[in-house]
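Residues in the sequence shown are numbered from 1 upward in steps of one, following our numbering. Shown next, in structure tokens, is the structure this report addresses.
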Amino acid sequence: MAQRVRGVIAPGKGEPVRIETIVVPDPGPGEAVVRVQACGVCHTDLHYREGGINDEFPFLLGHEASGVVESVGEGVTEVAPGDFVILNWRAVCGQCRACRRGRPWYCFNTHNARQKMTLEDGTELSPALGIGAFADKTLVAAGQCTKVDPAASPGAAGLLGCGVMAGFGAAINTGGVTRGDSVAVIGCGGVGNAAVMGARLAGAAKVIAVDIDDNKLATARRLGATHTVNSRAQDPVEAIRELTDGNGADVVIEAVGRPETYKQAFYARDLAGTVVLVGVPTPQMKLELPLLDVFGRGGALKSSWYGDCLPSRDFPMLIDLYLQGRLDLDAFVSETITLDGVEAAFDKMAKGEVLRSVVLL
Numbered sequence: 001m002a003q004r005v006r007g008v009i010a011p012g013k014g015e016p017v018r019i020e021t022i023v024v025p026d027p028g029p030g031e032a033v034v035r036v037q038a039c040g041v042c043h044t045d046l047h048y049r050e051g052g053i054n055d056e057f058p059f060l061l062g063h064e065a066s067g068v069v070e071s072v073g074e075g076v077t078e079v080a081p082g083d084f085v086i087l088n089w090r091a092v093c094g095q096c097r098a099c100r101r102g103r104p105w106y107c108f109n110t111h112n113a114r115q116k117m118t119l120e121d122g123t124e125l126s127p128a129l130g131i132g133a134f135a136d137k138t139l140v141a142a143g144q145c146t147k148v149d150p151a152a153s154p155g156a157a158g159l160l161g162c163g164v165m166a167g168f169g170a171a172i173n174t175g176g177v178t179r180g181d182s183v184a185v186i187g188c189g190g191v192g193n194a195a196v197m198g199a200r201l202a203g204a205a206k207v208i209a210v211d212i213d214d215n216k217l218a219t220a221r222r223l224g225a226t227h228t229v230n231s232r233a234q235d236p237v238e239a240i241r242e243l244t245d246g247n248g249a250d251v252v253i254e255a256v257g258r259p260e261t262y263k264q265a266f267y268a269r270d271l272a273g274t275v276v277l278v279g280v281p282t283p284q285m286k287l288e289l290p291l292l293d294v295f296g297r298g299g300a301l302k303s304s305w306y307g308d309c310l311p312s313r314d315f316p317m318l319i320d321l322y323l324q325g326r327l328d329l330d331a332f333v334s335e336t337i338t339l340d341g342v343e344a345a346f347d348k349m350a351k352g353e354v355l356r357s358v359v360l361l
């Protein structure tokens, strides 16, 4: 029987979010209903509200979430009712050319629940990143549920569902940071600071955090940055080069998603170094670089999709590190709020006052 729960929707482009009654259907084949325990307020949710993703309003917002599986549909074997799970937005198919080649983290056919959640009048909702977790319960594809140790704090665990995994994975999975490397991270919001933490955990000798906000740089220091650069006060490329014996960093992670900062990343890397783009650009942005510089500097220019993570592999591992005290996920939780605090959390996020506001349900 379909259930009626509270949920936060974005009714139209630029309009304030509001709480509505959401109808959640029983799970069909390959689907699961999850009772949400916590969900982070991510920039992507704000992009949805502003129409920056698409115009398929109304959106059911929220995607950086953890919770408990309540029920599953026919054929579901990977999770069962009662499992504590982190939700992910890239449920791999196992059948596409990437999956068949043993690279499921690049899956080209990720999927979501087939059924739609609706408003009480039958209006279909578009769940953010196929999740829609600013709600008491949500319907997802079972493959979007990754079972982890229930000893983890729901508020901290849920952050692996998007921003923290994206940043951490950009350093470890995409950038291949290893012991002794020099790493620069441009943009120290939630994603960038997760990259700082990942680089430090991987054994990087130098981790250089770059931002225009001293508060974010202070947080980067706490999470493992060995050096900080305020790019309002000094040229970040020159600063990074000075801190790396004039060479540039082995890996530069761009966590802003703008042409200006991407160029900084490109020129701040060492010869044959790696640039990783994990910041999300808008559709109208263009990048222009001298092709000779691209050729002459060698190395690799990479984009990081969700930190190139495989949730079934990475989420349990990172939760184990968290429970061992080696990965401070709690440091990313700036405040906990209720569903009616989402709009105010967007304002704080836009002002750079928080790493993450987390809705507890």
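All C-beta atoms in this analysis are idealised placements derived from N, C-alpha and C, irrespective of residue type, glycine included.
Cβ separation of residue i and residue j, assumed to be a contact under 8 Å, to the nearest whole Å
i	j	result
residue 70	residue 58	The Cβ separation is near 24 Å, so there is no contact.
residue 376	residue 208	Nothing in the structure corresponds to residue 376, since the chain is present only between 1 and 361.
residue 146	residue 86	5 Å
residue 177	residue 188	The Cβ separation is near 16 Å, so there is no contact.
residue 355	residue 219	7 Å
residue 361	residue 37	6 Å
residue 327	residue 318	6 Å
residue 213	residue 352	5 Å
residue 32	residue 76	6 Å
residue 358	residue 333	5 Å
C-beta contact flag for residue i and residue j at 8 Å
i	j	result
residue 339	residue 35	no
residue 277	residue 312	no
residue 252	residue 265	yes
residue 223	residue 193	yes
residue 365	residue 301	Examination of residue 365 is not possible in this model, given that the chain is present from 1 through 361 alone.
residue 60	residue 19	no
residue 343	residue 11	no
residue 151	residue 323	yes
residue 62	residue 29	no
residue 299	residue 173	no
residue 66	residue 158	yes
residue 206	residue 237	no
residue 320	residue 149	yes
residue 275	residue 257	no
residue 40	residue 14	no
residue 171	residue 202	yes
residue 89	residue 144	yes
residue 191	residue 210	no
residue 337	residue 255	no
Range of the contiguous beta strand (DSSP E) that encloses residue i
i	result
residue 230	227–230
residue 274	269–277
residue 10	3–10
residue 335	335–337
residue 249	249–254
residue 147	145–147
residue 357	357–360
In DSSP terms, what residue i is bridged to
i	result
residue 47	Its beta-bridge partners do not exist; DSSP assigns none.
residue 244	Residue 244 is not bridged to any residue.
residue 111	91
residue 119	22
residue 301	275
residue 138	34
residue 182	206
residue 332	Note: residue 332 sits in no beta bridge, so no partner.
residue 153	Residue 153 is not bridged to any residue.
residue 86	66 and 146
residue 40	64 and 358
residue 127	60
Enclosing alpha helix (DSSP H) for residue i [first to last residue]
i	result
residue 168	163–169
residue 99	97–100
residue 291	291–297
residue 312	311–323
residue 196	190–201
residue 343	342–350
residue 222	214–222
residue 67	Run containing residue 67: none in the alpha helix (DSSP H); it sits in the beta strand (DSSP E), 64–72.
CB contact below 8 Å: residue i versus chain B
i	result
residue 309	The displayed structure is made up of one protein chain only, and chain B is not part of it.
Contact test: residue i Cβ vs the ligand PLP heavy atom, cutoff 7 Å
i	result
residue 87	Among the components of this structure there are no ligands whatsoever, and the ligand PLP is therefore not found.
How about the segment 341–350 and the segment 138–148: do they share at least three Cβ pairs that are nearer than 8 Å?
no
Are at least three pairs of beta-carbons, each pair with one atom in the segment 42–57 and one in the segment 117–129, less than 8 Å apart?
yes
Do three or more CB pairs link the segment 231–247 to the segment 165–174 at distances below 8 Å?
no
Should the segment 283–298 be called in touch with the segment 308–322, which here means at least 3 C-beta pairs below 8 Å?
no
Report yes or no: do three or more beta-carbon pairs, one from the segment 106–125 and one from the segment 88–96, lie closer than 8 Å?
yes
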